[in-house]
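Residue 117 in my numbering sits at position 96 of the sequence shown, with consecutive numbering throughout.
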Amino acid sequence: MYSKVIEDKLNSLSKSKFRHSFHLKKKDKEYINAKGLSVIEEHAYDFIKTRLIVNNPKDGKQTPMKGHPVFVAQHATATCCRGCLEKWHHIPKDKELTSKDIDFIVFLIMAWIKKEYSNHL
Numbered sequence: 022m023y024s025k026v027i028e029d030k031l032n033s034l035s036k037s038k039f040r041h042s043f044h045l046k047k048k049d050k051e052y053i054n055a056k057g058l059s060v061i062e063e064h065a066y067d068f069i070k071t072r073l074i075v076n077n078p079k080d081g082k083q084t085p086m087k088g089h090p091v092f093v094a095q096h097a098t099a100t101c102c103r104g105c106l107e108k109w110h111h112i113p114k115d116k117e118l119t120s121k122d123i124d125f126i127v128f129l130i131m132a133w134i135k136k137e138y139s140n141h142l
């Protein structure tokens, strides 16, 4: 569905020195092994729906830099806050996320996780 768009986005993000600096750590990979990718995807949906809300007073600070594979992926994919969503993905800060927006964000996060996970086993 989004494969070409996701591939292009990941390629573009990899050219950013900051975005390219994020990688899954051993602990993240162990967590993925223990939980499975489907649970990680459920977590991604939950985090996006609850943290990337419009007018979040913590916007720009709501996503930790580590502690969960999805958090790391959010920083790597510029889906960590509404400011980054607007800058990198042209989703306005003041617009409620649609189900299509949420699916795109989660697909991007999961594509990054799968690529990072498989490249560094």
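A virtual CB, placed ideally from N, CA and C, is assigned to each residue, including glycine.
Cβ shell of residue i (< 8 Å), same chain only, five flanking positions each side left out
i: residue 62; result: 127 and 131
i: residue 123; result: 66, 69 and 70
i: residue 114; result: 75, 80, 103, 104, 106 and 107
Close Cβ partners of residue i (< 6 Å) along its chain, the five nearest in sequence each way excluded
i: residue 117; result: 75
i: residue 110; result: none
Integer-rounded CB distance, given that residue j should sit under 8 Å from residue i
i: residue 68; j: residue 91; result: 6 Å
i: residue 106; j: residue 27; result: The pair is not a contact, with the Cβ atoms about 15 Å apart (cut-off 8 Å).
Option in the options with minimal Cα separation from residue i
i: residue 65; options: 134, 139, 80 and 112; result: 134
i: residue 139; options: 104, 38, 49 and 37; result: 49
i: residue 89; options: 58, 108, 33 and 121; result: 58
Proximity test, residue i beta-carbon vs the ligand SAH heavy atom, cut-off 7 Å
i: residue 114; result: The ligand SAH is absent from the structure shown, which contains no ligands of any kind.
Buried versus exposed call for residue i [16 or more other C-beta atoms within 10 Å across all chains shown]
i: residue 79; result: exposed
i: residue 25; result: exposed
i: residue 121; result: exposed
i: residue 119; result: exposed
i: residue 137; result: buried
Close-in-space but distant-in-sequence residues of the same chain around residue i (CB under 7 Å, 5 per side omitted)
i: residue 81; result: 102 and 104
i: residue 52; result: 90
i: residue 30; result: 129
i: residue 100; result: 106, 126, 129 and 130
i: residue 72; result: 83 and 84
Touching or not, the region 38-49 and the region 92-103, by the rule of three or more beta carbon pairs under 8 Å?
yes
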